């Protein structure tokens, strides 16, 4: 039984590693300027976690195999170096390992979250609500008009509660259900929730951020590949959570300009 | 340290059926009551997971009879999206609170902590009785959610505000369902606080003559450390639940910000904080992970030592490491909130303690592995589950390397990677600890033996099965598969559905394997062979030096006196390969921690 169990542990450990080594389910492609930092950090962590996992499981299996059928009269043996050796090993090996992960990981995090958007980044506001995202572009004046919660109306398609009669800044705002952006231009995304918690997750963009009702947050990023990508909600927001999505359309500058013009005409 | 041998029995042996089996003051009966409650809760929780898995694999599958559970939640026996979320919420809540907290800590701890410390009972038997019965009431209130109004809450076991705080406007179950949820958990906290108080006092004040703190077995230490965490963590969750209830019934706005709009109407709340709930919840929630797993570490260590026929490489280092986990558990909770909108600098501040907590975790694993080296390992159902625990804890632990880092959390947060991680490290590992404890202590608790063949079959199926379920979760998460979705309608998720089907089949098979355990447990309780003696595993701690099952005051007429550290196995020059703590045999070369 012990030997069977030891073999099962080894087989499971190897079988678990195969899809990782073979990239059976790889990370989604990266279409952002900052994503390589996350991906490199991911690969480093996978190497360290993978080695720790395989080494520990195989050692566990080996010890079960070897020490489960002692000969009569055999004495117990003590691990060379005893507990202090293992404690020192844990501090030195794992301590160094996690410190390195922490320091390098903080750099990747900082590149995304602790930098400011460039002055010429394109501002876009995204509003999340049960169960849809809407996007607002400031129009030629470069300014967003204020949100009036009491004027939000799904029925009248006034998703942001804009008062275009009285608010000058709102008059040229462009509202869309899709998120079109030009390639290789930095976007400054201003995040607003109208009701409950939601999240903005685009795996390819290496971006995930919760919407916090009552607290407007912002993100900035640059997409590098033209294409259509899904934006999904990752914060449980109610019965339609699974179906709350929109599309990010990364376009060439010309296509983006044409799209903005077309959307402005539709307002 | 007190010498309890001269103390009177705290309460006399009961004579009526009610005081003996229902409203009992005896910690052993209370421990069994907790175990029975956890068993019922585990069966309910597992059943809910089957329903969820079937729905995830085959979305429009009619599950025969499901409409009987809820006609609106499953019209035509097909689960609605909201009912999926309601079952998911109940699965998580029941498993975390009523199984993982209740069984390894409250059930085994109640039964064995006083015995292992050499006490006649806990110091506050009435509080102890109350702790179980309020937990029972909490369970009834929680399950009542299924049968009230539009069903239980759909907000997940974390109940993030403001969805959980805005009442029926949030969706089905978010009105009365949440009130019942918060009431149940609030009551549950009272039970845990009373229990923790008893555990701490028992450990510090009720030890028998000769039982210094370092002579306590690793189980007793694990329960002691857990009870300190319980006292401080549940004391935070309870007021959070009270505030949540007030947001529902008193028109307050603790967790609801101003100007929220639902259905084109502005909600009549203002001034609350969305993130306040998350901070309060996770200040409890992360220690809760260790409340679930540390007792398992204690049980596994205790079972392993007995079956390795040697003490751990270091008793003291294991205790200190479990203590370090407890202290650090309060400093790491923010890793659940990296992308929540809290200050990104605090994400880095929470990241480092989270990475550092891998050090005591690694030390614990290395001590287990190092102790296996050169041991004389006995293989039985209990030791297999203990070794299985070690394997699961390693697997669940290494994925923590990823989730400790905010930069990787950007990719992995709220995906199945997280689900795989916490199920392995907290769920399955803790369950394996419960199984190890059950197979090990069953003879002491009931006087009968469990069937070893069925136990080993249960183990092998559970071990392979849980890996088949939870390892693929990690792959799904890496591919961006979001959790808490009742169906996978996103373009990039559709190709992953076959993996979900594989997981569902594995979950059903593994689930049925648990029925082998339930059968073995119930059959052996009534028809199992009698335990051959009071110490069938040749253990050394105090539970093995008393009768089987132990008498009302645990040790009969003569209170124990302890002469040795807890694990005197394979001591050179001793008369046998184990020397019990109560043995007066003089050892020339004992395993001493002092």
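Chains as they are written, first to last, in my numbering: chain A, 17 to 283; chain B, 46 to 639.
Quick reminder that beta carbons are idealized off the backbone N, C-alpha and C, glycines included.
Given the structure is predicted, the values throughout are model-derived calculations rather than measurements.
query: Residue 531 of chain B touches chain A at which residues, Cβ-Cβ below 7 Å?; result: 258
query: Identify the continuous beta strand (DSSP E) that holds residue 220 of chain A and give its terminal residues.; result: No beta strand (DSSP E) contains residue 220 of chain A, which DSSP labels as neither H nor E.
query: Alpha carbon to alpha carbon, how far is residue 243 of chain B from residue 56 of chain B? Give it in angstroms, no decimals.; result: 15 Å
query: Does the beta carbon of residue 17 of chain A sit closer than 8 Å to a beta carbon anywhere in chain B?; result: yes
query: What number of angstroms, rounded off, separates the C-alpha of residue 547 of chain B from the C-alpha of residue 608 of chain B?; result: 54 Å
query: I need the straight-line Cα distance from residue 429 of chain B to residue 628 of chain B, nearest angstrom please.; result: 29 Å
query: Between residue 341 of chain B and residue 475 of chain B, how many whole angstroms is the CB-CB distance? I'm expecting something under 8 Å.; result: 5 Å
query: Comparing C-alpha positions only, which one of B:190, B:279, B:108 and B:526 sits nearest to residue 220 of chain B?; result: B:190
query: So if DSSP puts residue 385 of chain B in a beta bridge, which residue, or which two residues, is it bridged to?; result: The partner list for residue 385 of chain B (beta bridge, DSSP) is empty, contrary to what the question assumes.
query: Among residues of its own chain, excluding the 5 on either side of residue 523 of chain B, which ones have a beta-carbon nearer than 7 Å to its beta-carbon?; result: 462
query: According to the Cβ coordinates, are residue 598 of chain B and residue 618 of chain B closer than 8 Å?; result: no
query: Measuring only between beta-carbons, confirm whether residue 450 of chain B sits less than 8 Å from chain A.; result: yes
query: What's the call for residue 257 of chain B, buried or exposed, on a 16-neighbour Cβ count within 10 Å?; result: exposed
query: If we ignore side chains and look at the alpha-carbon of each, how far apart do residue 400 of chain B and residue 449 of chain B end up?; result: 6 Å
query: Following the continuous alpha helix (DSSP H) through residue 574 of chain B, name the residue where it begins and the one where it ends.; result: It is not in any alpha helix (DSSP H) - residue 574 of chain B carries neither H nor E in the DSSP assignment.
query: Apart from the five residues just before and just after residue 53 of chain B, which ones in its own chain have a Cβ nearer than 8 Å to its Cβ?; result: With a pLDDT of 43 at residue 53 of chain B, under the threshold of 50, the modelled position of this residue cannot be trusted, and the question is left open.
query: When the Cα of residue 159 of chain A is compared with those of A:221, A:184, A:199 and A:84, which residue comes out closest?; result: A:184
query: Whose C-alpha, out of A:19, A:24, A:20 and A:51, is nearest the C-alpha of residue 509 of chain B?; result: A:24
query: Quick check: the Cα distance between residue 260 of chain A and residue 452 of chain B, rounded to an integer number of angstroms?; result: 24 Å
query: DSSP on residue 418 of chain B, reduced to helix/strand/coil?; result: coil
query: Could you name the residues of chain A that residue 403 of chain B contacts, counting a contact when the two beta carbons are closer than 7 Å?; result: 110 and 114
query: Using CA atoms only, rank isn't needed, just tell me which of A:86, A:82, A:279 and A:168 is closest to residue 197 of chain A.; result: A:279
query: Using 8 Å as the cut-off, can you tell me whether the stretch 499-509 of chain B makes contact with the stretch 462-472 of chain B, which would need three or more C-beta pairs spanning the two stretches below that distance?; result: no
query: What's the C-alpha gap between residue 288 of chain B and residue 324 of chain B?; result: 13 Å
query: Given this structure, state the Cα-to-Cα distance separating residue 336 of chain B from residue 153 of chain B, to the nearest angstrom.; result: 13 Å
query: Are the C-beta of residue 417 of chain B and some C-beta of chain A separated by less than 8 Å?; result: yes
query: Of all the residues that make up the stretch 224-240 of chain A, which are near chain B by a beta-carbon distance shorter than 9 Å?; result: 224, 225, 226, 227, 228, 229, 230, 231 and 233
query: Residues of chain B with CB under 8 Å from residue 58 of chain A, in chain order?; result: 447, 453 and 456
query: Judging by CA-CA distance, which residue of A:18, A:38, A:247 and A:283 is the nearest neighbour of residue 155 of chain A?; result: A:283
query: Nearest-angstrom Cα distance between residue 55 of chain A and residue 167 of chain B?; result: 54 Å
query: Which term fits residue 564 of chain B, buried or exposed, when burial requires 16 or more other beta carbons within 10 angstroms of its beta carbon?; result: exposed
query: Please report whether the beta-carbon of residue 198 of chain B lies at a distance below 8 Å from any beta-carbon of chain A.; result: no
query: What is the C-beta distance between residue 79 of chain B and residue 147 of chain B, in whole angstroms, given that I count them as a contact (C-beta under 8 Å)?; result: 5 Å
query: Among B:90, B:123, B:86 and B:82, which residue has its Cα nearest to the Cα of residue 102 of chain B?; result: B:123
query: Measure from the C-beta of residue 217 of chain B to each C-beta in chain A and report whether the shortest distance is under 8 Å.; result: yes
query: Rounded to the nearest angstrom, how far is the Cβ of residue 373 of chain B from that of residue 338 of chain B, given a contact under 8 Å?; result: Not a contact, Cβ separation roughly 13 Å.
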